[in-house]
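Undergrad: Residue numbers for the sequence shown, in this note's numbering: 93 to 384.
Glycine is no exception: its CB is placed at the ideal position from the N, C-alpha and C atoms.
Handing you this structure, nothing more for now.
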Amino acid sequence: MDFNWLRTFVTAADTANFRRAAELLYLSQPTVTVHIKLLEKEIGAILFVRDGRNIVLTEEGRRYLIHARKILEALNEGVADLQSYQQGFTTTLTIAISPLIADTILPYVLKSFITKHPHVEISIKIIESHDIEVAVLAEEVDIGLSCLPGSDPKVRCHSLYHDTLVLVAPHDGFDSERAHPLEAEEVLQSSTLLTHNHPGYWDELCQIIKARFPRIKMMKVSQVHITKRFIVEGLGVSVLPISTVRRELLEGRLMEIDCPDITLPEAQTFALMKYEHSIQKEFLKFLGNYRI
Numbered sequence: 093m094d095f096n097w098l099r100t101f102v103t104a105a106d107t108a109n110f111r112r113a114a115e116l117l118y119l120s121q122p123t124v125t126v127h128i129k130l131l132e133k134e135i136g137a138i139l140f141v142r143d144g145r146n147i148v149l150t151e152e153g154r155r156y157l158i159h160a161r162k163i164l165e166a167l168n169e170g171v172a173d174l175q176s177y178q179q180g181f182t183t184t185l186t187i188a189i190s191p192l193i194a195d196t197i198l199p200y201v202l203k204s205f206i207t208k209h210p211h212v213e214i215s216i217k218i219i220e221s222h223d224i225e226v227a228v229l230a231e232e233v234d235i236g237l238s239c240l241p242g243s244d245p246k247v248r249c250h251s252l253y254h255d256t257l258v259l260v261a262p263h264d265g266f267d268s269e270r271a272h273p274l275e276a277e278e279v280l281q282s283s284t285l286l287t288h289n290h291p292g293y294w295d296e297l298c299q300i301i302k303a304r305f306p307r308i309k310m311m312k313v314s315q316v317h318i319t320k321r322f323i324v325e326g327l328g329v330s331v332l333p334i335s336t337v338r339r340e341l342l343e344g345r346l347m348e349i350d351c352p353d354i355t356l357p358e359a360q361t362f363a364l365m366k367y368e369h370s371i372q373k374e375f376l377k378f379l380g381n382y383r384i
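Printed below as a string of structure tokens:
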């Protein structure tokens with residue numbers, strides 16, 4: 093069997109049109125027809141029937157499409173693995189990273205790891221923390237860096253870091269000597285609190301703050317980088333991990349407000365793995381040298 097026949101079959105099934113399949117595959121339409129006829133003869137089944145200008149999979153065609161996709165996927169994975177080996181890579185590591193963690197010093201950490209381990213081919217998937225455990229369980233990734241701990245007993249969960257939370261507001265333009273000291277109570281009662289930009293602590297924290305300030309206005313903002321932009325523009329204040337706002341505080345775009353009367357929880361970073369093979373252990377050990 094010619095693998096080109098399978099590629100033609102899958103493309104034709106996806107497009108439901110021989111002409112469109114020919115365009116995508118850079119083939120002539122008669123060649124597409126020949127490929128399908130040869131494949132049908134090989135497997136002993138009719139794969140398509142005509143429906144006007146389009147084509148429709150037969151029942152046999154729908155069943156065989158599942159297997160054709162798997163065959164092509166295995167073929168492509170084999171070629172990719174061989175190419176990686178020829179380029180000097182002997183090990184692959186696929187990492188799922190939450191957007192919040194990816195926005196810290198992680199790029200620097202990855203660069204350092206690649207420099208130290210040139211034989212490892214790294215693939216990165218940016219996945220929300222809520223979905224990272226699913227990806228680990230499905231073996232779509234080798235390791236996940238998440239803001240949430242694992243809950244499935246088949247997942248090995250390692251706590252990597254604890255991050256202090258701080259209440260941040262837009263900078264008032266004064267230096268520390270001339271500035272009027274802002275109280276957390278004043279800030280929270282006069283500003284909108286931007287919440288749920290981190291998956292780990294907001295439900296608990298909202299209850300704590302609402303119990304203290306029942307009339308506080310809140311707005312859910314799902315991403316930390318958007319939250320910081322909103323704060324700079326004067327749209328509100330928020331409670332964020334110190335690692336995510338360190339640069340903005342140093343540059344004077346945001347300012348930290350002391351919260352002596354509110355007990356803030358901690359944000360955490362977790363490493364999730366289904367297996368603890370040597371490459372996962374090496375990466376986990378390497379992460380221990382940094383604070384993400």
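If you follow the alpha helix (DSSP H) that V102 is part of, which residue opens it and which one closes it?
TA: Segment 95-107, the alpha helix (DSSP H) holding V102.
Undergrad: Would A276 pass as a contact of I224 if the rule is Cβ separation under 8 Å?
TA: The answer is no: Cβ separation not under 8 Å.
Undergrad: If you draw a straight line from the alpha carbon of D143 to that of T107, how long is it in whole angstroms?
TA: Rounded to the nearest angstrom, the two C-alpha atoms are 13 Å apart.
Undergrad: Which same chain residues end up closer than 8 Å to F181 when comparing Cβ atoms and leaving out the 5 residues on each side of it in sequence?
TA: Note that F181 scores 45 on pLDDT, short of 50, meaning its location in the model is unreliable and no value can be drawn from it.
Undergrad: Tell me the residue span of the beta strand (DSSP E) that contains T186.
TA: Unbroken beta strand (DSSP E) run through T186: 183-189.
Undergrad: Measure the alpha-carbon distance for T150 versus V102 and round it to whole angstroms.
TA: Computed Cα separation, rounded: 13 Å.
Undergrad: With a cut-off of 8 Å on the beta carbons, I'd call I318 and P262 a contact; round off their distance for me.
TA: Contact flag wrong, Cβ pair sits at about 15 Å.
Undergrad: Applying the 10 Å Cβ sphere with the 16-neighbour rule, what's the burial state of S283?
TA: That one is buried.
Undergrad: I'd like to know whether the C-beta atoms of G292 and C239 end up nearer to each other than 8 Å.
TA: It is a contact, given that the beta carbons lie within the stated cut-off.
Undergrad: If you pair each beta-carbon of the segment 344-361 with each one of the segment 252-259, do three or more pairs fall below 8 Å?
TA: The answer is yes - the segment 252-259 touches the segment 344-361, with three or more Cβ pairs under 8 Å.
Undergrad: Quick check on the burial criterion: 16 or more other C-beta atoms within 10 angstroms. Buried or exposed for H369?
TA: Its Cβ having fewer than 16 others within 10 Å, H369 is exposed.
Undergrad: From R154 to D94, what does the alpha carbon distance come to, in whole angstroms?
TA: So the alpha carbons of these two residues sit roughly 20 Å apart.
Undergrad: What does the Cβ neighbour count give for A230, buried or exposed, with the cut at 16 atoms within 10 Å?
TA: Exposed, because fewer than 16 other Cβ atoms sit within 10 Å of the Cβ of A230.
Undergrad: Please identify the residue among K133, N96, F110, G242 whose C-alpha is closest to the C-alpha of N146.
TA: Closest by alpha carbon: F110.
Undergrad: Below 6 Å CB to CB, which residues in the same chain sit around I371 once its five sequence neighbours on both sides are set aside?
TA: Only T183, L185 meet the Cβ criterion.
Undergrad: DSSP three-state call for I308: helix, strand or coil?
TA: Coil.
Undergrad: At the level of alpha carbons, what is the spacing between A227 and E278?
TA: If you take the alpha carbons of A227 and E278, they lie about 43 Å apart.
Undergrad: Could you please give the first and the last residue of the uninterrupted beta strand (DSSP E) stretch that includes A261?
TA: 257-262 is the extent of the beta strand (DSSP E) around A261.
Undergrad: Does the distance from the C-beta atom of I300 to that of I354 stay below 8 Å?
TA: Yes.
Undergrad: Would you call S335 buried or exposed, if buried means 16 or more other Cβ atoms sit within 10 Å of its Cβ?
TA: Its Cβ being crowded by 16 or more others within 10 Å, S335 is buried.
Undergrad: On the CB-based measure, 16 or more other CB atoms within 10 Å of its CB, does K366 come out buried or exposed?
TA: Classification for K366: buried.
Undergrad: Apart from the five residues just before and just after S251, which ones in its own chain have a Cβ nearer than 7 Å to its Cβ?
TA: Answer for S251: Q360, F362, listed in chain order.
Undergrad: Which of the three DSSP states is assigned to R142 in this structure?
TA: It is a strand residue.
Undergrad: DSSP has E213 in a bridge; who is on the other side?
TA: DSSP output for E213 lists T184 as bridge partner(s).
Undergrad: Return the CA-CA distance between L364 and C298, expressed in angstroms with no decimal places.
TA: So the two alpha carbons sit approximately 27 Å from each other.
Undergrad: Report the three-state DSSP secondary structure of C249 (helix, strand or coil).
TA: C249 falls in the strand class under three-state DSSP.
Undergrad: Can you have a look at G328 and say buried or exposed, based on whether 16 or more other CB atoms are within 10 angstroms of its CB?
TA: Buried: at least 16 other Cβ atoms inside 10 Å.
Undergrad: How would you label I235, buried or exposed, when you count the other beta carbons within 10 angstroms and need 16 or more for buried?
TA: Label assigned to I235: buried.
Undergrad: Should N289 be labelled buried (16 or more other beta-carbon atoms within 10 Å of its own) or exposed?
TA: So N289 counts as buried.
Undergrad: Report the three-state DSSP secondary structure of H127 (helix, strand or coil).
TA: Helix at H127.
Undergrad: Excluding five sequence neighbours on each side, which residues of the same chain lie with their C-beta closer than 7 Å to the C-beta of L167?
TA: Excluding sequence neighbours, L167 sits near F95.
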